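In this note's numbering, each residue's number is its place in the sequence shown (first place is 1) plus 21.
Just so you know, even glycine gets a beta-carbon here, dropped at the ideal spot from N, CA and C.
None of these values were measured; they are calculated from a predicted model.
Contents: one structure, followed by commentary.
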Amino acid sequence: EQALLESEARRVVAEKLAGVGHWDWNILTNALVWSEGVYTLFKVDPEHFGPVTYEAFLEMVHPEDRSMVATAVNAALNENAPYSIEHRIVLADGTVKYVHERGKVTFDEAGNPIHMIGTVQDVTQYRLTLSALQASERRLRVQYEGIPIPTFTWQKKGEDFILINSNRAGKDFTKSSVDSYIGSSARAMFGVDMPEVLDCFEACYTNRTVVKREMDYTLWIDGTKKYLIVTFAYIAPDIVMVHVEDITQRK
């Protein structure tokens with residue numbers, strides 16, 4: 022008995038540290054049992070919370086997510102669909118948390134749902150971090166698109182470099198033909214006619230540095246000849262960003 026008590030105490034501590042709780046729902050009686058970890062996550066006092074029911078749980082779900090959660094639960098009960106869902110909850114003080122739930126339903130011999138158990142985990146920090154990263158990516162994308170110099174992004178793949186993106190100025194410079202070359206390799210595009218371009222890629226990537234060259238260039242789309250200053254800039258871990266300055270008018 023002492024060993025069981027100690028094991029339970031360790032489980033309670035582990036749940037709190039991980040921001041995890043588990044629940045047990047008797048569907049026939051609608052009685053829902055929460056572990057201490059759930060009460061901690063939801064920041065409610067088990068002595069004053071009142072009857073724990075499915076409806077009481079739904080009241081804690083963010084109003085905009087309530088229908089989604091109910092639909093997922095009904096699918097698990099009626100269709101034996103996997104129950105794995107991320108949603109928001111609103112605490113008594115108005116704080117919004119993101120949680121991820123997993124659950125499993127038990128059915129009787131007639132196929133009626135009678136019991137469901139599951140876990141709930143606090144994933145708020147993960148969601149906030151992800152949102153911050155996405156916002157940062159959007160800002161970087163806007164900055165990238167706003168660079169006034171034609172810019173092309175290449176990624177190292179094996180012994181070659183693959184064109185993965187270009188900014189708005191790059192599309193204007195190539196009269197939008199660059200879009201058809203996304204996914205193409207530097208070796209296929211320059212290996213025969215402009216091997217010096219491959220040398221610049223390799224020097225930039227190998228030395229983790231910036232390489233600048235003046236070169237003649239013929240546009241793919243219409244054969245227009247240009248005189249360019251091309252800058253190859255290494256960006257860790259595997260990117261070479263190429264900036265193109267058209268100096269044709271100076272020649």
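- DSSP places residue 149 in the helix class (H, G or I) of the three-state scheme.
- In this structure, residue 118 keeps its C-beta atom at 9 Å or more from the C-beta atom of residue 184.
- With contacts defined as CB atoms closer than 9 Å, residue 206 and residue 178 qualify as a contacting pair.
- In chain order, 190, 191, 194, 265 place their CB closer than 6 Å to the CB of residue 171, counting only its own chain and leaving out the 5 sequence neighbours on each side.
- Around the beta carbon of residue 52, fewer than 16 other beta carbons lie within 10 angstroms, which makes this residue exposed.
- Following the DSSP letters along the chain, one finds residue 238 inside the beta strand (DSSP E) bounded by residues 231–239.
- By the Cβ test, the region 67–76 is not in contact with the region 139–157, since fewer than three Cβ pairs between them sit closer than 8 Å.
- Collapsing the DSSP output to three states places residue 64 in coil.
- Looking at 174, 217, 214, 188, the one whose alpha-carbon comes closest to that of residue 204 is 174.
- The beta carbon of residue 230 is closer than 8 Å to those of 224, 255 in its chain, skipping five residues each way along the sequence.
- Residue 142 has 41, 121 as its beta-bridge partners, per DSSP.
- In the three-state scheme derived from DSSP, where H, G and I count as helix and E and B as strand, residue 211 is classed as helix.
- Residue 219: member of the alpha helix (DSSP H) spanning 216–228, first to last residue.
- The beta-carbon separation of residue 79 and residue 134, rounded to 17 Å, does not stay under the 8 Å limit for a contact.
- Around the beta carbon of residue 237, fewer than 16 other beta carbons lie within 10 angstroms, which makes this residue exposed.
- Distance between residue 89 and residue 168, taken at the CA atoms: about 42 Å.
- Bounds of the alpha helix (DSSP H) holding residue 93 are 84–100.
- Bounds of the alpha helix (DSSP H) holding residue 193 are 189–194.
- Residues of the same chain with a CB within less than 6 Å of the CB of residue 160, apart from the 5 flanking positions on each side, do not exist.
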